[in-house]
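Have a look at the structure below before the remarks.
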Amino acid sequence: MFETLLSQNVCVYVVVICSFMGIIGRAIANGYLKSLIKDTDHMGRTRKKALVEMRKRYEDITSLDVEVQDTTAFVDKYIDRLKIGFIPLSVWNGLVKNMTVFAAGTGIFAAAYQYYVVGDGLESVKLLLCGLAACMVMRVACNMWDVSWKDRTLRDCARNYLGNSLAHRLRKSEQKLEESMPAAACSTDGSADGDQVIRMRKLKKRRDKTADRVVESDDDILDQMMQTILADG
């Protein structure tokens, strides 16, 4: 069977296919992360699902007067969940790296079989060179499209936006809301403003009540906040 495969250059085709898949997979991962990095500059308008989810969760937690103590851990949790299609990004990168192993393994096995069983030393050298060339090409692609560097850049950009731009904007909004409460209380317009002040005060009490609880994560904070609001009607 192996003689048939070798005579039809099937092993060479396998090496080439592995090399092609490795390069394409690396290019896709690089382009995906690059697009996310670009959109972190305007996360308020982006349509990228991962960034929208991260921003909305941060806004929900902050709007309930609960400070995100560790922005790095918050961002890492969502970056680690990134997917390309239905495949987690970590699994995708692992498959791309394994393409190099498959190509090298196939080339070494075919060369060894050709030399020790068939006895064709020249053909063994050709198979080894083919496997080596495929590995070199994938390594060049890996160096050109450094996914690990873009992963770090994405995390840094997301932390910068959430911890600086978005946090500052939310604090300004909260200050404006607090400044508007006394003005609404002193308004002569009557019941509409009075009801608004009462609702604001009730929400403030709910926030203070829930903020004193000891929870394990940001998700627990938000979930308990929502449960308290629903329970109070």
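One gets this note's numbering by counting positions in the sequence shown from 1 and adding 51 to each.
Glycine is no exception: its CB is placed at the ideal position from the N, C-alpha and C atoms.
These numbers come from a predicted model, not from an experiment.
Next on the checklist: Please list the terminal residues of the continuous alpha helix (DSSP H) segment that includes SER94.
Outcome noted: The residue asked about is misnamed: residue 94 is Met in this sequence, not Ser. First-last for MET94: undefined, no H or E at that position.
Checklist entry - According to the neighbour-count rule (16 or more other Cβ atoms, all chains shown, within 10 Å of its Cβ), is ASP90 buried or exposed? => result Burial check for ASP90: the Cβ neighbour count within 10 Å reaches 16 or more, so the residue is buried.
Checklist entry - Quick one: Cα of GLY182 to Cα of VAL147, how far? => result Just so you know, the alpha carbons of GLY182 and VAL147 end up roughly 16 Å apart.
Checklist entry - According to the neighbour-count rule (16 or more other Cβ atoms, all chains shown, within 10 Å of its Cβ), is ALA163 buried or exposed? => result Under this definition ALA163 is an exposed residue.
Item to check | Selection from LEU213, ALA101, MET105 and ILE68 that minimises the alpha carbon distance to TYR83 | outcome: Of the candidates LEU213, ALA101, MET105 and ILE68, the residue whose Cα lies closest to the Cα of TYR83 is ALA101.
Checklist entry - From PHE160 to ASN149, what does the alpha carbon distance come to, in whole angstroms? => result Per the coordinates, the alpha-carbon of PHE160 lies some 16 Å from the alpha-carbon of ASN149.
Checklist entry - How far does the alpha helix (DSSP H) with SER216 in it reach, from first residue to last? => result Where SER216 is concerned, there is no enclosing alpha helix (DSSP H), given that its DSSP letter is neither H nor E.
Item to check | 6 Å CB neighbourhood of VAL5 in its chain, flanking five on each side removed | outcome: Outside the modelled stretch of the chain, which goes from 52 to 284, sits residue 5, for which no answer is possible.
Item to check | DSSP-derived helix/strand/coil call for LYS85 | outcome: Of the three classes helix, strand and coil, the one that applies to LYS85 here is helix, per DSSP.
Checklist entry - Any heavy atom of the ligand PLP closer than 7 Å to the CB of ASP90? => result The model depicted lacks the ligand PLP and carries no ligand whatsoever.
Item to check | Option in ARG222, GLY214, GLU225 and ARG220 with minimal Cα separation from THR123 | outcome: Per the Cα distances, GLY214.
Next on the checklist: Quick check on LYS285: does DSSP put it in helix, strand or coil?
Outcome noted: This structure cannot settle anything about residue 285, because the visible part of the chain is limited to 52 through 284.
Next on the checklist: Is it buried or exposed, ASP92, if we count other Cβ atoms within 10 angstroms and call 16 or more buried?
Outcome noted: Counting Cβ neighbours within 10 Å, ASP92 comes out exposed, since fewer than 16 surround it.
Item to check | Cutoff 7 Å; reference ASN144; Cβ partners in own chain excluding five residues on either side | outcome: So the list reads ALA80 and VAL198, once near-sequence residues are dropped.
Checklist entry - Looking at CYS208 and ILE88, is the spacing between their C-beta atoms short of 8 Å? => result Result yes, Cβ atoms of ILE88 and CYS208 sit closer than 8 Å.
Item to check | Backbone CA spacing between ASP202 and ARG222 [nearest angstrom] | outcome: Pairing ASP202 with ARG222, the inter-Cα distance amounts to about 29 Å.
Checklist entry - Taking the runs of the beta strand (DSSP E) that are 3 residues or longer, which of them lie wholly in the segment 99-175? => result Secondary structure in the segment 99-175: no beta strand (DSSP E) run of 3 residues or longer lies completely within the stretch.
Checklist entry - Nearest to ARG96 by alpha carbon, out of LEU217, LYS227, PHE153 and TRP196? => result For the residues LEU217, LYS227, PHE153 and TRP196, the minimum Cα distance to ARG96 belongs to LEU217.
Item to check | Host alpha helix (DSSP H) of ASN211 (start-end) | outcome: It spans 198-211 - the alpha helix (DSSP H) in which ASN211 sits, taken as one unbroken run.
Checklist entry - Taking all protein chains shown into account, do 16 or more other C-beta atoms lie within 10 angstroms of the C-beta of TRP196, making it buried, or fewer, making it exposed? => result It counts as buried.
Next on the checklist: Does VAL65 pass the burial test, meaning 16 or more other C-beta atoms within 10 Å, or should it be called exposed?
Outcome noted: With 16 or more other Cβ atoms within 10 Å, it is buried.
Checklist entry - Which residue's Cα is closest to the Cα of GLY158: LEU133, LEU140, CYS186 and ASN194? => result When each option's Cα is compared against that of GLY158, the closest is CYS186.
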